[in-house]
Amino acid sequence: MEKFQTLTSTYVPLPIENVDTDQIIPARFLKATTREGFGNYLFADWRYDKAGNPNPDFVLNNPTYSGQILVAGKNFGSGSSREHAAWALAGYGFRVIVSSFFADIFKNNALNNGILPIVVSEDFLNDLFECVNKNPKATITVNLEGQILTNNENGRTESFEINAYKKECLLKGLDDIDFLLSNKDKIEAYEKNRIFHY
Amino acid sequence: MKTLFDKIWDAHIVTEVKDGPTQLYIDRHYCHEVTSPQAFAGLRSRGLKVFRPKQTILTADHNIPTMDQDKPIRDEVSRFQVDTLTNNAREFGLTYYGLGNPKNGIVHVIGPENGYTLPGMTIVCGDSHTSTHGAFGAIAFGIGTSEVEMVLASQCILQTRPKTMRITFRGKLNEGVTAKDMALYMISQLTTGGATGYFVEYAGEAVENLSMEGRMTLCNLSIEMGARGGMVAPDETTFAYLNGREFAPQGEKWDEAVAYWKTLKSDEDAVFDKEVVFDASQIKPMITYGTNPGMAMPIDGTIPAPEGNDAASINSFEKALNYMGFKPGEKLEGKAVDYVFLGSCTNGRIEDFRMFANYVKGKKKADNITAWLVPGSWQVRKQIEAEGLDKILKEAGFELRQPGCSACLAMNDDKIPAGKYAVSTSNRNFEGRQGPGARTILASPLVAAAAAVTGRITDPTH
Numbered sequence: 001m002e003k004f005q006t007l008t009s010t011y012v013p014l015p016i017e018n019v020d021t022d023q024i025i026p027a028r029f030l031k032a033t034t035r036e037g038f039g040n041y042l043f044a045d046w047r048y049d050k051a052g053n054p055n056p057d058f059v060l061n062n063p064t065y066s067g068q069i070l071v072a073g074k075n076f077g078s079g080s081s082r083e084h085a086a087w088a089l090a091g092y093g094f095r096v097i098v099s100s101f102f103a104d105i106f107k108n109n110a111l112n113n114g115i116l117p118i119v120v121s122e123d124f125l126n127d128l129f130e131c132v133n134k135n136p137k138a139t140i141t142v143n144l145e146g147q148i149l150t151n152n153e154n155g156r157t158e159s160f161e162i163n164a165y166k167k168e169c170l171l172k173g174l175d176d177i178d179f180l181l182s183n184k185d186k187i188e189a190y191e192k193n194r195i196f197h198y
Numbered sequence: 199m200k201t202l203f204d205k206i207w208d209a210h211i212v213t214e215v216k217d218g219p220t221q222l223y224i225d226r227h228y229c230h231e232v233t234s235p236q237a238f239a240g241l242r243s244r245g246l247k248v249f250r251p252k253q254t255i256l257t258a259d260h261n262i263p264t265m266d267q268d269k270p271i272r273d274e275v276s277r278f279q280v281d282t283l284t285n286n287a288r289e290f291g292l293t294y295y296g297l298g299n300p301k302n303g304i305v306h307v308i309g310p311e312n313g314y315t316l317p318g319m320t321i322v323c324g325d326s327h328t329s330t331h332g333a334f335g336a337i338a339f340g341i342g343t344s345e346v347e348m349v350l351a352s353q354c355i356l357q358t359r360p361k362t363m364r365i366t367f368r369g370k371l372n373e374g375v376t377a378k379d380m381a382l383y384m385i386s387q388l389t390t391g392g393a394t395g396y397f398v399e400y401a402g403e404a405v406e407n408l409s410m411e412g413r414m415t416l417c418n419l420s421i422e423m424g425a426r427g428g429m430v431a432p433d434e435t436t437f438a439y440l441n442g443r444e445f446a447p448q449g450e451k452w453d454e455a456v457a458y459w460k461t462l463k464s465d466e467d468a469v470f471d472k473e474v475v476f477d478a479s480q481i482k483p484m485i486t487y488g489t490n491p492g493m494a495m496p497i498d499g500t501i502p503a504p505e506g507n508d509a510a511s512i513n514s515f516e517k518a519l520n521y522m523g524f525k526p527g528e529k530l531e532g533k534a535v536d537y538v539f540l541g542s543c544t545n546g547r548i549e550d551f552r553m554f555a556n557y558v559k560g561k562k563k564a565d566n567i568t569a570w571l572v573p574g575s576w577q578v579r580k581q582i583e584a585e586g587l588d589k590i591l592k593e594a595g596f597e598l599r600q601p602g603c604s605a606c607l608a609m610n611d612d613k614i615p616a617g618k619y620a621v622s623t624s625n626r627n628f629e630g631r632q633g634p635g636a637r638t639i640l641a642s643p644l645v646a647a648a649a650a651v652t653g654r655i656t657d658p659t660h
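Have a look at this one:
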């Protein structure tokens, strides 16, 4: 997994609530057996019309906005557990998603793919939407080590939560399997006293 | 002083990571073709085997046709994905109920019906509706593909301990009101993210009175309010359902297991992080009007105006109603619909087909309705035939399809056309969920049956 330390980037606003993983990547694109190529289908039904042409009203087709950070309305990533949603976001080039609320499974999937989901207050979020509305080149700085997000347009900062283990994984680019495999003796010890043998 | 959740969670802790998640042991792991190929590829590239192959069960369900399953899958990409699962099962030595196997069906239907899902277990699957298995008093939750790989590699997963919530349904349900209506009512009250961060225990008289099928429907929909999972303490209904199932313990082991399972309930003085109480007698048959399951109302209700005053909330609400072609203040009862879908891991079990068949008995399918009746598994379909429900359905103008996830997520050919309205017993009314542009109205099998014979949204209790 790619390491994550700090990032300063312009950002793409998506002020819609309850963006479910069926919108992030519709089910008909889940037939692939590798992790690659999903970025092309990110938000496919919002991004393209029925004939497959880019929908000019959708933010990803608006050249005014760009960047490695997506800023979205609350409850981002609800619904299906499909990790393809995280692969699509990563494949498109996003490394950070900022929202005031994330669905649990999506949050884990994002972290497992080197994408940092950052929870901010409603107020901070609305401020980000307003800033980028006025200046599409507005930037955000993410400092993972210090757990601080800065809205560079007005200097406003907010600290964010991340558990120490996941933070370490992201900073060093480690994944959970390495950790779990290093605990094999503990797993086998647990199994000796396991309740289920059927 | 422990909740049911605490008892099971604590019994599965392998170790705790300092300032981090718990390493939790997983008793049962289910896999399907869509969320597993990259996990198996990951194992292969690390040179690993499946750590405990007996604890993983595979089935093909999401991406399979519901007609002509004896012939090769026509869609080449779908066929390749299903073949990949078949090959992974063979290469890694795993139990696999593929197409043509009499035990094939939707993963959350076949696990319980074969006795693989048992009280007290930890159960995961790369599928958010894994919460279904909580109906048996298990900790069951959906995971992503990286986590599928973790479980295959180590039979463990790293998870942060969720908070606990108890939702109590006091009193009795009225005639014609089902577990599906309880769930839609609950989600409409708590909203689609209202239980995020929590693991829910369902309790109260109305829950105790549910059959196992009803409890599975209720637990299945836990994820639709953001909960990691939902569970019901095992009781005599649970034991009666499991007794004699092929992979449930037998003989002496059964007695031993039941004695243990009887201890699996929240202690009287257990404290939950959040308690919610509903009056079951107030619940009416429910329908959804928007594009998430929280946008639900009683069938005779009126679509509300948007709540909140921030732009994002209002935009999202308006976007949903535009997509559905509805307006605030509109009533949906009596509105003509085009499709009826009975099936899915939410409502594709024998009891759902009994309810539907019982309602349409002696009536006729409305001419304007295309109906897709998709049993959750081959065993459900066999039971439908054994009970003669197929004949009742046929006389009323309905045909049974072959099992699979089907139009619930429309990965196969079962897609609702753009702009058409479908009354669906499935779990998600998201934009495009049942096909690009499809408009989904979630409801119980009874509401679906009433719509199928009248061609309109109809209260089945009238």
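From first to last, the protein sequence lines are chains A and B. Residue numbers for the first sequence follow this note's numbering, so the first one is 1 and each next one is one higher. Residue numbers for the second sequence follow this note's numbering, so the first one is 199 and each next one is one higher. Glycine is no exception: its CB is placed at the ideal position from the N, C-alpha and C atoms.
Query - C-alpha gap between B:K562 and B:S234, whole angstroms - result: On the second sequence, position 364 is the one that residue 562 of chain B refers to. On the second sequence, position 36 is the one that residue 234 of chain B refers to. Roughly 42 Å separates the two Cα atoms.
Query raised in the report: Do you know offhand how far B:I639's Cα is from A:V132's?
Result: Indexing the second sequence from 1 puts residue 639 of chain B at position 441. Indexing the first sequence from 1 puts residue 132 of chain A at position 132. Between B:I639 and A:V132, the C-alpha separation is close to 36 Å.
Requested in this report: In the DSSP assignment, find the unbroken alpha helix (DSSP H) run with B:E403 in it and report its ends.
Outcome: Within the second sequence, numbered from 1, the residue matching residue 403 of chain B stands at position 205. Looking at the DSSP string, the run of the alpha helix (DSSP H) that includes B:E403 is 403-406.
**Report entry** C-alpha gap between A:V119 and A:V98, whole angstroms
**Finding:** Start at 1 with the first residue of the first sequence, and residue 119 of chain A comes out as number 119. Start at 1 with the first residue of the first sequence, and residue 98 of chain A comes out as number 98. Those two C-alpha atoms are separated by around 6 Å.
Report task. Would you decide whether A:G37 is buried or exposed? Buried here means 16 or more other CB atoms lie within 10 Å of its CB. Result -> As a working note, residue 37 of chain A is residue 37 in the first sequence. Exposed, by the Cβ-count rule.
Report task. Taking A:A103 as the query, report the chain B residues whose CB atoms sit under 8 Å from its CB, ordered along the chain. Result -> Within the first sequence, the letter at position 103 stands for residue 103 of chain A. Correct list: G391, T394, G424.
Query raised in the report: From B:G391, B:H660, B:C229, pick the residue whose C-alpha is nearest to that of B:K482; which is it?
Result: Taking the first residue of the second sequence as 1, we reach residue 482 of chain B at position 284. B:K482 has its Cα closest to that of B:H660, out of B:G391, B:H660, B:C229.
Report task. With DSSP collapsed to three states, give me the class of B:L494. Result -> Walking along the second sequence from the start, residue 494 of chain B turns up at place 296. Correcting the residue identity first, residue 494 of chain B is Ala in this sequence and not Leu. B:A494 falls in the strand class under three-state DSSP.
**Report entry** Of the residues B:N285, B:F278, B:P360, the one placed nearest B:D208, counting alpha carbons only
**Finding:** Within the second sequence, residue 208 of chain B is the residue found at index 10, counting from 1. Taking only the C-alpha atoms, the option nearest B:D208 is B:P360.
Requested in this report: Could you tell me whether any Cβ in chain B is nearer than 7 Å to the Cβ of A:P136?
Outcome: Indexing the first sequence from 1 puts residue 136 of chain A at position 136. Judged by the 7 Å Cβ criterion, A:P136 is not in contact with chain B.
Query raised in the report: Which ranges does the alpha helix (DSSP H) cover as unbroken runs of at least 4 residues, wholly within the segment 403-438 of chain B, from first to last along the chain?
Result: 403-406, 410-418
**Report entry** Alpha-carbon to alpha-carbon, B:L419 and A:K3
**Finding:** The residue labelled residue 3 of chain A in the question sits at position 3 within the first sequence. The residue labelled residue 419 of chain B in the question sits at position 221 within the second sequence. If I take the Cα positions, the gap works out to 36 Å.
**Report entry** Rounded distance between the beta-carbons of B:A647 and B:F554, thought under 8 Å
**Finding:** The count along the second sequence starts at 1 and reaches residue 554 of chain B at position 356. The count along the second sequence starts at 1 and reaches residue 647 of chain B at position 449. With a Cβ gap of about 5 Å, B:F554 and B:A647 count as contacting.
Query raised in the report: Which ranges does the beta strand (DSSP E) cover as unbroken runs of at least 3 residues, wholly within the segment 216-267 of chain B, from first to last along the chain?
Result: 220-223, 226-229, 254-257
Report task. Would you mind reading off the limits of the alpha helix (DSSP H) that contains B:T544? Result -> Position 346 of the second sequence holds residue 544 of chain B. 542-545 is the extent of the alpha helix (DSSP H) around B:T544.
Query raised in the report: Just the Cα atoms here: how many angstroms apart are B:P317 and B:E434?
Result: Looking up residue 317 of chain B in the second sequence gives position 119. Looking up residue 434 of chain B in the second sequence gives position 236. If I take the Cα positions, the gap works out to 12 Å.
Query - Whether B:V572 touches B:T376 by CB criterion (7 Å) - result: Mapped onto the second sequence, residue 572 of chain B falls at position 374. Mapped onto the second sequence, residue 376 of chain B falls at position 178. No, they are not a contact pair.
**Report entry** Bridge partner(s) assigned by DSSP for B:F367
**Finding:** Stepping through the second sequence from its first residue, residue 367 of chain B is reached at position 169. The partner list for B:F367 (beta bridge, DSSP) reads B:F476.
Requested in this report: Can you pull the chain A residues whose beta carbon is under 7 Å from the beta carbon of B:T358, in chain order?
Outcome: Mapped onto the second sequence, residue 358 of chain B falls at position 160. Ordered by position in chain A, the residues that pass the 7 Å Cβ test against B:T358 are N163.
**Report entry** Coil, strand or helix - B:M384 by DSSP
**Finding:** Locating residue 384 of chain B in the second sequence gives position 186, where the first residue counts as 1. B:M384: helix per DSSP, three-state reduction.
Requested in this report: Compute the Euclidean distance between the alpha carbons of B:W452 and A:I195, then round it to the nearest angstrom.
Outcome: As a working note, residue 452 of chain B is residue 254 in the second sequence. As a working note, residue 195 of chain A is residue 195 in the first sequence. When rounded, the distance between both Cα atoms is 13 Å.
**Report entry** Alpha-carbon to alpha-carbon, B:P270 and B:Y294
**Finding:** As a position in the second sequence, residue 294 of chain B is number 96, starting the count at 1. As a position in the second sequence, residue 270 of chain B is number 72, starting the count at 1. Approximately 18 Å between the Cα atoms of the pair.
Report task. Give the secondary structure of A:E145 by DSSP, where H, G and I count as helix, E and B as strand, and everything else as coil. Result -> Counting from one through the first sequence, the residue named residue 145 of chain A turns up at place 145. A:E145: coil per DSSP, three-state reduction.
Query raised in the report: Taking 7 Å as the CB-CB limit, is B:C354 close to chain A?
Result: Looking up residue 354 of chain B in the second sequence gives position 156. For B:C354, the answer is yes, since a Cβ of chain A falls inside 7 Å of its Cβ.
Requested in this report: Have a look at B:E406, B:K618, B:Y521, B:T489 and flag the residue whose alpha-carbon is nearest the alpha-carbon of B:V535.
Outcome: Indexing the second sequence from 1 puts residue 535 of chain B at position 337. If we check each option's Cα against that of B:V535, B:K618 comes out closest.
Requested in this report: Taking A:N109 as the query, report the chain B residues whose CB atoms sit under 9 Å from its CB, ordered along the chain.
Outcome: Along the first sequence, one-based indexing puts residue 109 of chain A at 109. Neighbours of A:N109 on chain B, chain order: I341, G342, T343, S344, E345.
Query raised in the report: Nearest to B:E444 by alpha carbon, out of B:N312, B:A650, B:A605?
Result: The count along the second sequence starts at 1 and reaches residue 444 of chain B at position 246. That would be B:N312, whose Cα lies nearest to the Cα of B:E444.
Query raised in the report: So, do the segment 605-615 of chain B and the segment 385-392 of chain B have three or more beta carbon pairs nearer to each other than 8 Å?
Result: no
Requested in this report: In angstroms with no decimal places, state the Cα-to-Cα distance between A:V71 and A:L60.
Outcome: Here residue 71 of chain A corresponds to residue number 71 of the first sequence, with the count starting at 1. Here residue 60 of chain A corresponds to residue number 60 of the first sequence, with the count starting at 1. For A:V71 and A:L60, the distance between alpha carbons rounds to 12 Å.
Requested in this report: Give the straight-line distance between the Cα atoms of B:R368 and B:G595, rounded to the nearest whole angstrom.
Outcome: Position 170 of the second sequence, counted from the start, is the residue given in the question as residue 368 of chain B. Position 397 of the second sequence, counted from the start, is the residue given in the question as residue 595 of chain B. Cα to Cα, the separation comes out at about 39 Å.
Query raised in the report: Around the Cβ of B:M661, are there at least 16 other Cβ atoms within 10 angstroms (buried) or fewer (exposed)?
Result: Since the first residue of chain B shown is 199 and the last is 660, residue 661 of chain B is not available in this structure.
Query raised in the report: Applying the criterion that 16 or more other CB atoms from any shown protein chain within 10 Å of the CB defines a buried residue, is B:G574 buried or exposed?
Result: The count along the second sequence starts at 1 and reaches residue 574 of chain B at position 376. Buried, by the Cβ-count rule.
Query raised in the report: What is the DSSP secondary structure of B:F515, counted as helix, strand or coil?
Result: As a first step, residue 515 of chain B must be located in the second sequence, where it is residue number 317. Helix.
Query raised in the report: By DSSP, does B:Q357 sit in helix, in strand, or in coil?
Result: Residue mapping note: residue 357 of chain B aligns to position 159 of the second sequence, counting from 1. Three-state result, B:Q357: strand.
Query - Contact set for B:I421: own chain, Cβ-Cβ below 6 Å, skip 5 residues either direction - result: Here residue 421 of chain B refers to the residue found at position 223 of the second sequence. Cβ neighbours of B:I421 beyond the five flanking positions: S326, S329.
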